[in-house]
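Participant: Structure below; questions to follow.
Protein chains in written order, with this note's numbering: chain D, 1 to 323; chain P, 1 to 308.
Listed below in C-alpha cells is the structure:
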C-alpha cells in the first residue's frame with residue numbers, strides 16, 4: 001500500500017474527528033445557550049450556583065471553555081452527568097462491556113449469515129431461495145427494529161417465558177462459572193436475535209448485488225472454461241471478488257447496528273450504552289448525550305478507517321494507484 | 001416561416017407536446033408495474049386517511065383527559081374498534097392522527113434532505129475544484145457519523161416539535177443523495193450538448209438550470225421517494241426514544257406508549273400491533289414505488305434489489 005494513500009486516509013479520519021469535537025462544543029455550548037436549564041427555578045445560593053457552574057465547566061470565556069473541553073475530552077474526561085451528578089466516564093465504562101458483547105456478537109453473526117445468504121441468492125438469481133430471501137429482507141428492512149424486538153419479547157419472553165424479558169443477568173440468583181455464562185447468553189439471546197434479523201437484510205442485499213456484478217465478468221468464464229465445478233467457481237472466484245466492495249459497506253452497516261443497539265437495548269432494558277442513551281434523552285442529560293455522541297462517532301470513524309485500509313490492502317488497484 | 005402554419009412547431013409547443021408524450025409513456029409504464037401499482041394504492045389510502053383525519057376523528061380524542069371514564073387498556077369493542085391505551089384513549093383515533101404526523105414528518109424531512117443533497121451534489125459536480133473537495137468532505141462526514149446519535153443530539157438541543165424533528169431528520173440524511181447527484185452531474189457535464197451550449201456562450205447558471213437539472217430531475221425524484229421510508233423509520237425511532245409530543249402521537253410514539261405502559265406483558269395486542277403494521281405498510285409502499293420509478297427511469301438498475 002503506498003504511503004500517499006495511507007496518509008490521506010489518516011488525515012481524513014483525523015479531520016472528521018476534529019470536526020466532531022468542534023461540532024459537539026458548538027451544539028452544546030453555543031446553540032444551547034443554557035445548559036443548566038434544569039437548575040432554573042430552583043433557589044440556589046450564589047456559592048452553590050458558582051459551584052455548579054464550575055462543576056460543569058461553564059466558567060470563563062467560550063474560548064477558555066473550548067480549550068478545556070478539548071483537553072478533557074482527549075483524556076476521556078467527559079465531566080459530570082447533568083442528571084445524576086456521577087462522572088460520565090464511570091457510567092460509560094459500566095455499560096460499555098454489555099454493549100460490546102451485544103453488538104459484537106450480533107455483528108459477527110449478521111455479517112457471516114448475511115454474506116452467505118446474499119452470495120447464494122445472487123448466484124442463483126430468480127430461484128426460490130433468491131425470491132424468499134430478498135422478500136424477507138425487504139420486509140425486515142421495513143420493520144422498525146424496536147417493533148421487531150417488542151414482538152419477539154411478547155412471543156418468546158412474556159407469553160411463553162422461554163427467555164427473560166429484560167436485564168443482563170438473573171439478579172435473584174447468585175450464579176458463578178458455567179451457569180453464569182449460560183444465564184448471560186440466555187439474557188443476550190433476544191436482543192441479539194433482534195439485531196441480527198433487523199440488519200441481516202442490508203448485508204445480504206449488498207452481497208447479492210455485488211455477486212450479480214461479478215457474474216458477467218470474464219474471469220468467471222475463464223474459470224468455467226477450465227472445467228471447474230459451479231460451486232467452485234462461486235466459492236473461489238466470484239465470492240472473493242464480490243467481497244471487496246462489501247468491506248467498506250460493512251463499516252457503514254456497523255453504523256446502523258450502533259443505532260439499532262440504542263432502541264433494542266431500550267426494549268429489553270439491557271443495561272448498555274443504548275439504554276444509557278435513551279435514559280439520557282428522557283432525563284435531558286446533555287453531558288451524557290454529548291459523550292455518547294463523541295464515542296459512537298469515534299467508533300465509526302475508526303471503523304471506516306479500518307475498512308479503507310483493509311480495502312486498500314485487498315485491492316491491488318488501490319494499493320498501487322494513489323486512490 | 002410558412003411551415004409554422006402546418007402544425008404545432010413553435011419551440012414551446014414542441015416542447016410541451018414532447019413532455020405530454022413522455023408523461024403518458026411514463027404513467028403507462030408505471031401502471032404496468034404490478035408491485036408499483038400496489039404500492040401506489042397503499043400510499044393513496046394512507047395519504048387520504050392522513051388528510052381526512054380531522055373529518056374522521058375529532059382532535060379532542062387525543063387530549064390527556066379524553067380517556068377519562070373509559071376503561072384503560074381495554075380490548076377492542078363496538079365503541080373502541082381498536083381498544084384503548086393506558087389512559088383510556090381510543091387507539092384507532094391515535095392511529096388515524098398518527099398517519100398525519102408520521103407522513104408529515106417523513107415528507108418534510110425528505111424535502112429538506114433532497115434540497116440540501118441536490119444543492120450540494122449539483123454544486124460539487126458542476127463547479128469542481130476546491131469547492132467540490134470541501135463539499136465532498138462535508139458529505140463524507142455526514143456519511144460516516146452514525147445517523148441516530150447525531151439526530152439524537154440535534155433533537156435534544158434544538159427541541160422536538162414535529163417541524164424540528166423533520167428538519168433534524170432532513171439535515172442528517174442528505175449525504176447519500178448528495179453523492180449520487182454529484183456522480184450524475186459529473187457524467188451529464190461531459191455530454192456534447194453541454195459543450196455546445198458553452199460554446200454558444202451560455203452562463204453556468206443557464207447550463208445548470210436548463211440542461212443539468214432537467215437531466216438529473218428523474219433521478220432526484222426517484223431518490224426522493226426512496227428517502228421517505230428512511231425518514232419515516234427515523235421519525236418512529238426518535239419518537240420511540242422519547243422525542244415528540246405525547247398528545248400528538250405518531251406511530252412511533254404510540255409504540256413507546258405501548259412499551260412503557262406494560263401493554264406487552266398484559267398482552268394488549270391492539271395497542272402494539274396496529275402502529276407497527278402501519279409503519280411497515282407505508283415504508284414498504286414507498287420502497288416499492290421508488291424502485292418501480294428507478295426501473296422505469298434507468299433500465300440498467302433492474303438487478304438492484306433496493307437502495308439504502
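Glycine included, every Cβ here is placed at the ideal spot set by N, Cα and C.
What residue does the alpha helix (DSSP H) around residue 206 of chain P start on, and which one ends it?
Facilitator: Its alpha helix (DSSP H) spans residues 204-207.
Participant: Beta-carbon of residue 322 of chain D versus every beta-carbon of chain P: anything under 8 Å?
Facilitator: Unreliable positioning characterises residue 322 of chain D in this predicted model, as indicated by a pLDDT of 47, which lies under 50. The coordinate reading is nonetheless provided below. No, because no Cβ of chain P sits closer than 8 Å to the Cβ of residue 322 of chain D.
Participant: Can you pull the chain D residues whose beta carbon is under 8 Å from the beta carbon of residue 271 of chain P, in chain order?
Facilitator: Ordered by position in chain D, no residue passes the 8 Å Cβ test against residue 271 of chain P, which lies about 10 Å from the chain.
Participant: Measure the alpha-carbon distance for residue 259 of chain P versus residue 63 of chain D and round it to whole angstroms.
Facilitator: 44 Å
Participant: Does the beta carbon of residue 160 of chain D sit closer than 8 Å to a beta carbon anywhere in chain P?
Facilitator: no
Participant: Applying a beta-carbon distance threshold of less than 8 Å, which residues of chain P neighbour residue 10 of chain D?
Facilitator: Those within 8 Å of residue 10 of chain D in chain P number zero; the least Cβ separation is about 14 Å.
Participant: Thinking C-alpha only, which one of D/21, D/4, D/3, D/2 is nearest residue 298 of chain D?
Facilitator: Per the Cα distances, D/21.
Participant: Starting from residue 79 of chain P and walking both ways along the alpha helix (DSSP H), at which residues does that stretch end?
Facilitator: For residue 79 of chain P, there is no enclosing alpha helix (DSSP H), as DSSP marks it with neither H nor E.
Participant: Is it buried or exposed for residue 50 of chain D, if we count other Cβ within 10 angstroms and need 16 for buried?
Facilitator: exposed
Participant: Run through the DSSP bridge pairs and tell me what residue 80 of chain D is partnered with.
Facilitator: D/87
Participant: My assumption, with CB atoms under 8 Å, is that residue 72 of chain P sits in contact with residue 86 of chain P. Please give the rounded CB distance.
Facilitator: So it is a contact: roughly 6 Å between Cβ atoms.
Participant: For residue 9 of chain P, write down the residues that DSSP places opposite it in a beta bridge.
Facilitator: Bridge partners of residue 9 of chain P: none, in fact.
Participant: How many Å lie between residue 145 of chain D and residue 19 of chain P at the Cα?
Facilitator: 42 Å
Participant: If you measure between the beta carbons of residue 150 of chain D and residue 272 of chain P, is that distance less than 8 Å?
Facilitator: Their beta carbons are under 8 Å apart, which means residue 150 of chain D touches residue 272 of chain P by this criterion.
Participant: Looking at the structure shown, is residue 12 of chain D part of a helix, part of a strand, or coil, going by DSSP?
Facilitator: helix
Participant: Do you know offhand how far residue 3 of chain D's Cα is from residue 264 of chain P's?
Facilitator: 56 Å
Participant: Between which residues of its own chain and residue 198 of chain P is the CB-CB distance below 8 Å, once the five residues before and five after are set aside?
Facilitator: Excluding sequence neighbours, residue 198 of chain P sits near 207.
Participant: Check residue 90 of chain P in the structure and name its three-state DSSP category.
Facilitator: strand
Participant: Look up residue 168 of chain D in the DSSP assignment and say whether it is helix, strand or coil.
Facilitator: coil
Participant: Chain P beta carbons: is any one of them nearer than 8 Å to that of residue 272 of chain D?
Facilitator: Residue-level contact by beta carbon fails for residue 272 of chain D and chain P, as no gap is shorter than 8 Å.
Participant: Please list the partners that residue 310 of chain P has in chain D, where partner means a Cβ-to-Cβ separation under 8 Å.
Facilitator: Residue 310 of chain P lies beyond the range of chain P shown here (1 to 308); nothing can be said about it.
Participant: Where in the segment 120-162 of chain P do unbroken runs of the alpha helix (DSSP H), each at least 4 residues long, occur, reported from the N-terminal end onward?
Facilitator: 129-144, 147-158
Participant: Mind checking if residue 325 of chain D is an interface residue toward chain P, Cβ cutoff 8 Å exclusive?
Facilitator: Nothing can be reported for residue 325 of chain D, as the shown portion of chain D is limited to 1 through 323.
Participant: I think residue 96 of chain P touches residue 57 of chain P, with their Cβ atoms under 8 Å apart; what is that distance to the nearest whole Å?
Facilitator: 5 Å
Participant: What number of angstroms, rounded off, separates the C-alpha of residue 279 of chain D from the C-alpha of residue 85 of chain D?
Facilitator: 14 Å
Participant: Run through the segment 218-280 of chain P for me and flag every whole alpha helix (DSSP H) of 4 or more residues, listed as ranges in chain order.
Facilitator: 251-260
Participant: Could you give the first and the last residue of the continuous alpha helix (DSSP H) run that contains residue 224 of chain D?
Facilitator: In this chain, the alpha helix (DSSP H) harbouring residue 224 of chain D covers 218-225.
Participant: For a test of the three-state rule: what should DSSP assign to residue 191 of chain D, helix, strand or coil?
Facilitator: Helix, per DSSP.
Participant: CA-CA distance, residue 37 of chain P and residue 206 of chain D?
Facilitator: 26 Å
Participant: How many Å lie between residue 155 of chain P and residue 165 of chain P at the Cα?
Facilitator: 7 Å
Participant: Work out the CA separation of residue 279 of chain P and residue 253 of chain P for me, nearest whole Å.
Facilitator: 12 Å
Participant: Give the straight-line distance between the Cα atoms of residue 217 of chain P and residue 110 of chain D, rounded to the nearest whole angstrom.
Facilitator: 36 Å
Participant: Taking Cβ to Cβ, would you say residue 238 of chain P is nearer than 8 Å to residue 262 of chain D?
Facilitator: no
Participant: Measure how close the beta-carbons of residue 309 of chain D and residue 9 of chain D come, nearest whole angstrom, since I'm counting them as under 8 Å.
Facilitator: 6 Å
Participant: Counting contacts by CB-CB distance shorter than 8 Å, is residue 306 of chain D in contact with chain P?
Facilitator: no
Participant: What are the boundary residues of the alpha helix (DSSP H) that residue 137 of chain D is part of?
Facilitator: 128-142
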